[in-house]
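The C-terminal position of the sequence shown is numbered 1033 in our numbering, with every residue numbered one higher than the one before it. Worksheet for the structure shown next.
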Amino acid sequence: SERPALDLWNVYIPVDKDQRINHTFGMIMIEKPPIPGLIHLLWPVIVWFTEGIFKEDRWIVELEQKAFDEQGADWNQEIFPVILDLRELLVRGGVPLD
């Protein structure tokens, strides 16, 4: 298949000036299997899988925030092109929280 069978997106939106409190949003898109009812049978596994990903991602975000706090700067050596582009966009056009 040219399309992925699963897309998973999550985002953390800070709601305070210190960016210590955030609202977390997630979206999962799953291509429905051709076998009727299979998606319902697999749903508990899908939920378990996605909850694990979100849990791990929250852990990573917390570790990165802790490193930033200890170092006083972002020393993360990011290599993922999408994240590099996003970082550049946020630096260029971001608005500080008041």
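Backbone N, C-alpha and C define an ideal beta-carbon position, used for all residues, glycine too.
Pull the bridge partners of I965 from the DSSP assignment, please. Residue 965 sits at position 30 when you count from the first residue of the sequence shown. Per DSSP, L941.
Can we say the stretch 956–970 touches the stretch 940–947, given the rule of at least three CB pairs closer than 8 Å? yes
3 or more residues per run - each beta strand (DSSP E) lying fully within the stretch 951–1032: 957–965
Among E1023, M964, D1004, nearest to W978 - alpha-carbon criterion: Your numbering for residue 978 matches position 43 in the sequence shown. The candidate whose alpha carbon is nearest that of W978 is M964.
For my contact list, G961 and F984 are in at a C-beta cut-off of 8 Å; report their separation, rounded to the angstrom. Position 26 of the sequence shown, counting from 1, holds the residue named residue 961. Position 49 of the sequence shown, counting from 1, holds the residue named residue 984. Contact doesn't hold; Cβ gap of about 12 Å is too wide.
Under the assumption that A940 contacts E966 (Cβ atoms under 8 Å), give the Cβ distance between them as a whole number of angstroms. Residue 940 sits at position 5 when you count from the first residue of the sequence shown. Residue 966 sits at position 31 when you count from the first residue of the sequence shown. A940 to E966, Cβ: 5 Å. Contact.
Which listed residue (V980, N1011, I974) has its alpha carbon closest to that of I995: Along the sequence shown, one-based indexing puts residue 995 at 60. It is N1011.
Leaving out five residues before and five after R1022 in sequence, what residues of the same chain have Cβ atoms less than 8 Å from its Cβ? Reading the sequence shown from its first residue, position 87 is the one you call residue 1022. Same-chain partners within the cutoff: E1013.
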